[in-house]
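A.B. asks: Just so we're aligned: the sequence shown equals residues 88 to 378 in my numbering.
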Amino acid sequence: MRIAILGAGKMGIWLAKFCKNKNITVILAGRSTEKLAKLKNELQIETTTDFQEAVKNTDIVLVCTSISSFEDIIKKIAPATQDKQVIMDICSIKEHPVNIMHQYIKNATILGTHPVFGPGSNGINHKACVLTPTNSQEENIAEQYRQWLEKEGANVFIMTPQKHDELMSIILGLPHFIGLITCETLLAQENFTKSKKLAGTTYRMLFTLAEATAQETPDLYANVQTKLSTLGNMEEKFIQNAQTLLDLIKNKDNTEIMARIERLRTKLAKIDNDNNKSYETMYKMLQSAEE
Numbered sequence: 088m089r090i091a092i093l094g095a096g097k098m099g100i101w102l103a104k105f106c107k108n109k110n111i112t113v114i115l116a117g118r119s120t121e122k123l124a125k126l127k128n129e130l131q132i133e134t135t136t137d138f139q140e141a142v143k144n145t146d147i148v149l150v151c152t153s154i155s156s157f158e159d160i161i162k163k164i165a166p167a168t169q170d171k172q173v174i175m176d177i178c179s180i181k182e183h184p185v186n187i188m189h190q191y192i193k194n195a196t197i198l199g200t201h202p203v204f205g206p207g208s209n210g211i212n213h214k215a216c217v218l219t220p221t222n223s224q225e226e227n228i229a230e231q232y233r234q235w236l237e238k239e240g241a242n243v244f245i246m247t248p249q250k251h252d253e254l255m256s257i258i259l260g261l262p263h264f265i266g267l268i269t270c271e272t273l274l275a276q277e278n279f280t281k282s283k284k285l286a287g288t289t290y291r292m293l294f295t296l297a298e299a300t301a302q303e304t305p306d307l308y309a310n311v312q313t314k315l316s317t318l319g320n321m322e323e324k325f326i327q328n329a330q331t332l333l334d335l336i337k338n339k340d341n342t343e344i345m346a347r348i349e350r351l352r353t354k355l356a357k358i359d360n361d362n363n364k365s366y367e368t369m370y371k372m373l374q375s376a377e378e
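1. Drop a sphere of 10 angstroms on the beta-carbon of Asn-310, count the other beta-carbons inside from all chains shown, and report buried for 16 or more, exposed for fewer.
2. What does DSSP give as the partner residues of Arg-347 in its beta bridges?
3. Exposed or buried, what is Glu-377 when buried is set at 16 or more other beta-carbons lying within 10 Å of its beta-carbon?
4. Who does Arg-291 pair with in a DSSP beta bridge?
5. Classify Ala-103 as buried or exposed, calling it buried when 16 or more other Cβ atoms lie within 10 Å of its own Cβ.
6. Could you say if the region 210 to 217 and the region 128 to 141 meet the contact criterion of at least three C-beta pairs nearer than 8 Å?
7. Keeping to the same chain, check which residues put their C-beta closer than 8 Å to that of Thr-120; ignore five residues upstream and five downstream.
8. Mind the definition here: the region 163 to 179 touches the region 142 to 154 only if three or more C-beta pairs lie below 8 Å; say whether that holds.
9. Check whether the Cβ atoms of Ile-180 and Lys-314 sit closer than 8 Å, and answer yes or no.
10. Give a yes or no on whether the minimum CB-CB distance between Lys-171 and chain C is below 8 Å.
11. Just how far apart, CA to CA, sit Thr-342 and Pro-206?
12. Please say whether Ile-211 and Leu-149 have beta carbons closer to each other than 8 Å?
13. Please classify Tyr-151: does DSSP put it in a helix, a strand, or coil?
14. In its own chain, which residues sit with a C-beta less than 7 Å from the C-beta of Leu-267, not counting the 5 before and 5 after it?
15. Considering only residues of the same chain and omitting the five flanking positions on each side of Gln-330, which have a CB-CB separation below 7 Å?
16. Identify the residues that DSSP records as bridge partners of Arg-89: which are they?
17. Can you tell me the Cα-Cα spacing of Ile-161 and Lys-339, whole angstroms?
18. To the nearest angstrom, how far is it from the Cα of Leu-201 to the Cα of Pro-184?
19. Hey, out of Leu-335, Asn-108 and Thr-112, whose CA is closest to Met-88's CA?
20. When burial is assigned at 16 or more other CB atoms within 10 Å of the CB, is Thr-295 buried or exposed?
21. By the DSSP assignment, the alpha helix (DSSP H) with Ile-187 in it spans what residues?
22. In this structure, what does DSSP give as the bridge partners for Ala-215?
23. Name the residue from Ala-241, Ile-187, Asn-278 and Leu-126 whose alpha carbon lies nearest to the alpha carbon of Glu-158.
24. Exposed or buried, what is Thr-288 when buried is set at 16 or more other beta-carbons lying within 10 Å of its beta-carbon?
25. Looking at the unbroken beta strand (DSSP E) that takes in Pro-202, where does it start and where does it end?
26. Which residue or residues does DSSP assign as beta-bridge partners of Val-173?
27. State the Cα-Cα distance for the pair Ala-297 and Ile-192, rounded to the nearest angstrom.
28. Would you mind reading off the limits of the alpha helix (DSSP H) that contains Glu-322?
29. Taking C-beta to C-beta, are Ile-245 and Glu-225 nearer than 8 Å?
In structure tokens:
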């Protein structure tokens, strides 16, 4: 198998190393001649600055570029794609890049993917990977890819691009939103540095989220905020809830604040109870099957 990896960023390099270790022939494409020369020598793989040339005569093309440059790269490589090739992306959002690939790539089969881990990961064992096919042909490819990933120990989830983005609004979008606002709020406080020294567990969790969000890749986080279609509604609801609580605080309404907390506890307890019942039912089914 021969795979072209487009983009010599952290994840592109990680994937090149991973594929090389699996005895997959790799060609890595990027923009920096100097960086590629170093990687060619270090990884003992083929490299090029010509993205179209990288795509030719490969079985799989894995697009690992930023979301901002994604459309330009797809437009560039589209004329070089061929039948029986599979073109995949690894973007953290799915509806936007999948639509772009469908718009420009007419020969090859496309498949949206999202490895839900970073370049610091040691392999893919127990790591989550999402596949987002949109038609029967892509579903067949996704099933083949799922089987291979699961043999490598990954936890694979197959869903539509829309469902993926709904989940990412919760998993990525809202935490990023809260983290950025929290970071701006904390940095505006004169005693921020001193507060870290006195921090307990709750506050440490808060400023860890704030600092981690502010120090991540701006391009990724900006696109997560602007290209997840359901995220805006969720963030508006968050602001509404924050305003309601703030009004209660200003009015010193301890009774209603405590009532809100109790309602949340009740809802959480019900969710935990329902989950436990689901696990118990599944366990009994497995026992029956074994008997």
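Using N, Cα and C, we set each Cβ at its ideal position, and we do this for glycine too.
Quick caveat, the model's predicted, so the values are computed rather than measured.
C.D. replies: Once the coordinates are examined:
1. What you label residue 310 is simply residue 223 of the sequence shown in a count that begins at 1. That one is buried.
2. Translated into positions along the sequence shown, residue 347 becomes position 260. None, per the DSSP bridge assignment.
3. In the sequence shown, counting from the first residue as 1, residue 377 sits at position 290. Since pLDDT at Glu-377 reaches only 42, below the 50 mark, its modelled position is unreliable, and the value read off the structure follows with that caveat. By the 10 Å Cβ count, Glu-377 comes out exposed.
4. The residue labelled residue 291 in the question sits at position 204 within the sequence shown. The partner list for Arg-291 (beta bridge, DSSP) is empty, contrary to what the question assumes.
5. The count along the sequence shown starts at 1 and reaches residue 103 at position 16. So Ala-103 ends up on the buried side.
6. no
7. Residue 120 sits at position 33 when you count from the first residue of the sequence shown. Contacts found: Thr-136.
8. yes
9. Translated into positions along the sequence shown, residue 180 becomes position 93. Translated into positions along the sequence shown, residue 314 becomes position 227. Yes, the pair counts as a contact, with Cβ atoms nearer than the cut-off.
10. The question asks about chain C, but that chain is absent: this structure has only one protein chain.
11. Within the sequence shown, residue 342 is the residue found at index 255, counting from 1. Within the sequence shown, residue 206 is the residue found at index 119, counting from 1. Approximately 48 Å, taken between the alpha carbons.
12. On the sequence shown, residue 149 is found 62 positions in, with the first residue counted as 1. On the sequence shown, residue 211 is found 124 positions in, with the first residue counted as 1. Not a contact, by the Cβ cut-off of 8 Å.
13. Here residue 151 corresponds to residue number 64 of the sequence shown, with the count starting at 1. Rather than Tyr, the amino acid found at residue 151 in this sequence is Cys. In this structure, Cys-151 counts as coil in the three-state DSSP scheme.
14. For the purposes of this step, residue 267 is taken as residue 180 along the sequence shown, with counting starting at 1. Thr-300 and Ala-301, listed in sequence order.
15. Translated into the one-based positions of the sequence shown, residue 330 becomes position 243. Here the set comprises nothing.
16. Sequence index remark: in the sequence shown, residue 89 carries index 2 (1-based). DSSP lists Thr-112 as partners of Arg-89.
17. Against the sequence shown, residue 161 aligns to sequence position 74. Against the sequence shown, residue 339 aligns to sequence position 252. Going by the C-alpha atoms only, they are around 56 Å apart.
18. On the sequence shown, position 114 is the one that residue 201 refers to. On the sequence shown, position 97 is the one that residue 184 refers to. Per the sequence shown, the amino acid found at residue 201 is His instead of Leu. Roughly 11 Å between the two C-alpha positions.
19. If you number the sequence shown from 1, residue 88 lands on position 1. For the residues Leu-335, Asn-108 and Thr-112, the minimum Cα distance to Met-88 belongs to Thr-112.
20. Along the sequence shown, read from residue 1 onward, the residue named residue 295 stands at position 208. It is exposed - the Cβ of Thr-295 has fewer than 16 other Cβ atoms within 10 Å.
21. Here residue 187 refers to the residue found at position 100 of the sequence shown. Its alpha helix (DSSP H) spans residues 182 to 191.
22. One-based indexing of the sequence shown puts residue 215 at position 128. Ala-215 is bridged to Asn-242.
23. For the purposes of this step, residue 158 is taken as the residue at position 71 of the sequence shown. Cα-wise, what sits closest to Glu-158 is Ile-187.
24. In the sequence shown, the residue the question calls residue 288 occupies position 201. Exposed: under 16 other Cβ atoms inside 10 Å.
25. Position 115 of the sequence shown, counting from 1, holds the residue named residue 202. Start and end: 196 to 202.
26. On the sequence shown, position 86 is the one that residue 173 refers to. Its beta-bridge partners are Ile-147 and Thr-196.
27. As a working note, residue 297 is residue 210 in the sequence shown. As a working note, residue 192 is residue 105 in the sequence shown. Going by the C-alpha atoms only, they are around 39 Å apart.
28. On the sequence shown, position 235 is the one that residue 322 refers to. Element bounds for Glu-322: 318 to 337.
29. As a position in the sequence shown, residue 245 is number 158, starting the count at 1. As a position in the sequence shown, residue 225 is number 138, starting the count at 1. Cβ atoms of Ile-245 and Glu-225: not closer than 8 Å.
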